[in-house]
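Taking it in order: structure first as structure tokens, then the write-up.
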């Protein structure tokens, strides 16, 4: 049993400081670090001089390793260096020749190898460069038909196996530069040469965090076996013996703050057994440092390990501290206090830190108030000095181990140790790096040096290798600079304190955007809450705890007055015994009164300035953040959302408020408000989508009658109260909780309503559309975001651990109750067995249960109807032997087993199953394009994911897939407002995208003209229309750059092609977000007169569409345009409305006819099955003739963020 000892004041104080400093001001912290370094100017000058001499000696006396020379030539600021890094990261895990060849071709042919020929200091590197150039030329495709080209193709064909073999061997050789051995015995054998030179070793078992329990057990066995093997080399002094480094995250699949109980119950015993074995062998045992969000948890585990009475008298326990963390100094204080409390001597390995780019991205994504790490390399270097000073002052309890490849850092430690009279410390370096520097130090100082040596098979090397390449391939790295003789020794040895002082007040890097400023000066990012931070978690728990048993009441809010009749009981879907509150339902009379009130409020609200409306809209977001305790509690208890999902929900709602407030001002001169708009929102995003629909319309100047989902009306009531509190007039927003049959039907059939904004099922959207056409103006907009059969394709270059992480989130987060959720996973057959085994193991680690608990990953579904539909679907597959995996769930509450079902392809799916159900199919590499065709053929188009390292394959697939949001090498949920505008096409929605640049614009009246049709014109029927559409089959639009000139002689001035431009949208580092416009397809331009029809055709053609023109007097112009090669067909006359109900092959209709004919057209379109096709009346508004698509690429998937690391220099 561990002895019960109270916390010492020193431990409490330092632990408190660790928590308080997690996001501390960089300027404040670094100046504290400078003071903590305790270096006089004379000492600093001496250090820099010594460091410069050291650089000169290294350059004069030492030979750089082949890897150091390679990095000097192919640093990660070059495209070629990044390409080689990506190739190294992926090649060795790809099992099939088809994909290997495509990967090599993709990476090698993209490089400008000729620019590197003869430039390296190594003849071997130069020879390799020539080989890369020749390979690139051999693999490149060419359209030339010459004897030389024929020979090149022949060589390419017969050379491919050779290229594959050579590339594979080259990547293995690169791996050998960093990995000492494939197993511990081989590694120890390889280590003998360096041990004879005076080095010792710390062995690290390769691998990242465990994803499954099998992973954790495998890592435990590897560590245990390694300790047994290393023990045979242990002798008297633990500090001279080899040791082992252990990642705690490798010992438990869910090593996270939210799983602290599991960590202490499951991980701690495993770690304790390993520590005791190491102690018995009298060898070193180091706990590796990991990401900052695990630090607090790691300290709990470390204290539990150190306090073990069986470790008394053993001085080999070690802890790694990362100097780039703002809390590093306090972590050292805490370790010292721990050693004092338990009478231990502890080894402390001081490193700069290996996850810097990931820490920056995480803080930006989460909207934190700062970064947990320094944003400048010089600051990390200063922190290293300060921490080193502290460690050298603690040698009565601490054995310092300084892990650095930096000549200035080494010199500083030598000088400080000499001044303090300290000799019990060591240096450390990575195997394969910094060898020349440490050889020199060992020779001149005699200070011991330990080599940190990874051990394991090449398949486990990838993430480690890329981190090493990123750290040492940056221009500012010592390893890179030592080889570059154009950089003087004095520059390399520059005092980092001088660098910091030269920054003045600009300590934080301007190249690294603060999380709050992610979207520019005019829109702040929504506030985030880090639920791995104990201080934040306690504040949340204290705040929402007041609402744990609170009961809300609400009902219709009409011009500020509460109405309604029938009362509905609201219960927690996770716990039927938890009464959340009561909601009064609206009646048909309430609907009439609400529309009347909104119509009366429209005049005053629409006449307010855009700035006034924007201020109110923005204030809503502020009030949401001020009331998060209640909103978090209500979102969890009414909607069944986990705390993480509740935070995301509030943040998205706040983002909508900020974004649409700005849009109000941007569009203030773009048209008049429409009037009273009906907003019908879903239960799966009861605050975010509800808020977004309403605020976008308010920003445009419309008033709103809102119908929330029946299941989540209490959240809507509270949201509307806050909207009114924000200054939005009570008659500008009316709330009508109730059923679709009563409230929804009455709202969508009222002629006083000017349009409908709807999120829900495709079938409901189609019903609403039909009702609208019968009662509302024919140009009343229906902006619908509906469901999807969202797919992901995974090829054999993908990293399985990343795929499993992203599939889990995409399929099972929010219990799969997201429009964007992954429903159909395609996995390349070559890797399917291993990937699915890992997926099933990772599923078993999911926490299913009460969403109030921090440890819960998957909560309940929304109601019994949803639960039954999902269960019935899974049971049908289970009866047919196609259930691959399902998980047990609690017996109480509306829980559904997360399940994986086997299918042959997406063709088997008849409808979206809205829950935690994933369908899986496999494919051959050669058939990947057929998979894309199958996905497109279903007609849905919401989200799509692809995991691949082959850039050209990604580009090809993303250009062919017909979806609104494509995600590359990441999950496919969680679109961010203004960064990843969200919405689909086809059966998945009408557009424009929510949170995008066209959304608010759609709620304004566009410029229109009205032309009465000539009733005597010849009638064109469906058969004629179908024939005209058929004439366009083999025609295509001119390229965007040539389109305007091609159209001008016939149609005059036309809008610029929107599809010529791709808009880069703001977002976190490490990903790109691009919004593009695409032609709708075939557009019917129906005039009804010649002039208008040709204007319509010109606009449609300018945006890349194919066009059918039907109007009197157009034939001559149509024929002329067709002869010019434009994709156009037409006939003179007037289209019979019924033709629009039956013809196939068109995507939009444009008409400026009078209301009567427009109404007939709209009614005919509403009778169609399938996608909702637009009737466009703003015939010169180019945005109406395109659809929006968004592409998000995680650029760090291959292992890191080279461009961000460059920004820290």
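In this note's numbering, the protein residues as written are 14 to 1222. Idealized CB from N, CA, C, for every residue including glycine.
- Contact fails between the region 943-962 and the region 1155-1164, because fewer than three Cβ pairs, one in each stretch, are under 8 Å apart.
- Judged by DSSP in its simplified three-state form, residue 797 adopts strand.
- If you ignore the 5 residues before and after residue 204, its C-beta comes within less than 6 Å of the C-beta of 214, all in its own chain and listed in chain order.
- For the options 463, 119 and 45, the alpha carbon positioned closest to that of residue 210 is the one of 463.
- Residue 402 carries a helical assignment under DSSP once its states are collapsed to helix, strand and coil.
- Judged by DSSP in its simplified three-state form, residue 946 adopts helix.
- Taking the Cα positions, residue 271 is about 25 Å away from residue 898.
- Within the DSSP secondary-structure output, residue 215 pairs in a beta bridge with 256 and 465.
- When DSSP assignments are scanned along the region 844-913, the uninterrupted stretches of beta strand (DSSP E) that are 3 or more residues long and fall wholly within it turn out to be 896-899.
- At a Cβ-Cβ threshold of 8 Å, residue 810 and residue 962 count as neighbours.
- In terms of CA proximity to residue 1135, 1045 leads the group 1057, 791, 1113 and 1045.
- A check of alpha carbon separations from residue 782 across 1185, 654 and 222 identifies 1185 as the nearest.
- In the structure shown, residue 1165 falls within a coil segment according to DSSP collapsed to helix, strand and coil.
- Note on residue 245: under 16 other CB atoms within 10 angstroms of its CB, so exposed under the neighbour-count rule.
- Assignment of beta-bridge partners to residue 1090 by DSSP yields 1201.
- Taking C-alpha positions only, residue 633 is separated from residue 704 by approximately 9 Å.
- Contiguous alpha helix (DSSP H) elements confined to the region 700-785 occur at 701-713, 726-738 and 758-761, taking only those with 4 or more residues.
- Annotation note: the region 577-621 contains the following uninterrupted alpha helix (DSSP H) runs of length 4 or greater, listed N- to C-terminal: 601-620.
- A direct Cα-to-Cα measurement between residue 676 and residue 989 gives close to 16 Å.
- In this structure residue 1078 is in contact with residue 1088, their Cβ atoms being roughly 6 Å apart against a cut-off of 8 Å.
- Residue 982 counts as buried, since at least 16 other C-beta atoms from the protein chains shown sit within 10 angstroms of its C-beta.
- Contact fails between the region 681-701 and the region 566-584, because fewer than three Cβ pairs, one in each stretch, are under 8 Å apart.
- Minimum Cα-Cα distance from residue 420 among the listed residues 346, 72 and 855 corresponds to 72.
- Every unbroken stretch of the alpha helix (DSSP H) spanning 4 or more residues and falling wholly within the region 300-332 is given here in chain order: 308-319.
- Taken through DSSP and simplified to helix, strand or coil, residue 542 comes out as coil.
- Here the alpha carbons of residue 299 and residue 258 stand approximately 5 Å from one another.
- For residue 980, no alpha helix (DSSP H) encloses it; the enclosing beta strand (DSSP E) starts and ends at 978-981.
- Counting only runs of 3+ residues, the beta strand (DSSP E) found wholly inside the region 973-1049 occupies 978-981, in chain order.
- One Cα belongs to residue 735, the other to residue 724, and the distance between them is close to 20 Å.
- Under a 10 Å Cβ-count criterion, residue 1201 is classified as buried, with 16 or more other Cβ atoms of the shown protein chains found around its own Cβ.
- Within the same chain, and ignoring the five residues on either side of residue 686 in sequence, the residues whose Cβ sits closer than 7 Å to its Cβ are 619, 713, 714, 715 and 1017.
- Only residues of its own chain outside the window of five on either side were considered, and among them 1189 and 1191 have a CB closer than 6 Å to the CB of residue 1197, listed in chain order.
- Residues of the same chain with a CB within less than 8 Å of the CB of residue 537, apart from the 5 flanking positions on each side, are 529, 530 and 671 in chain order.
- CA-CA distance, residue 1171 to residue 787, rounds to 12 Å.
- For residue 581, the closest alpha carbon among the candidates 590, 587, 568 and 573 is that of 568.
- Boundaries of the alpha helix (DSSP H) harbouring residue 429: 420-433, taken from the DSSP string.
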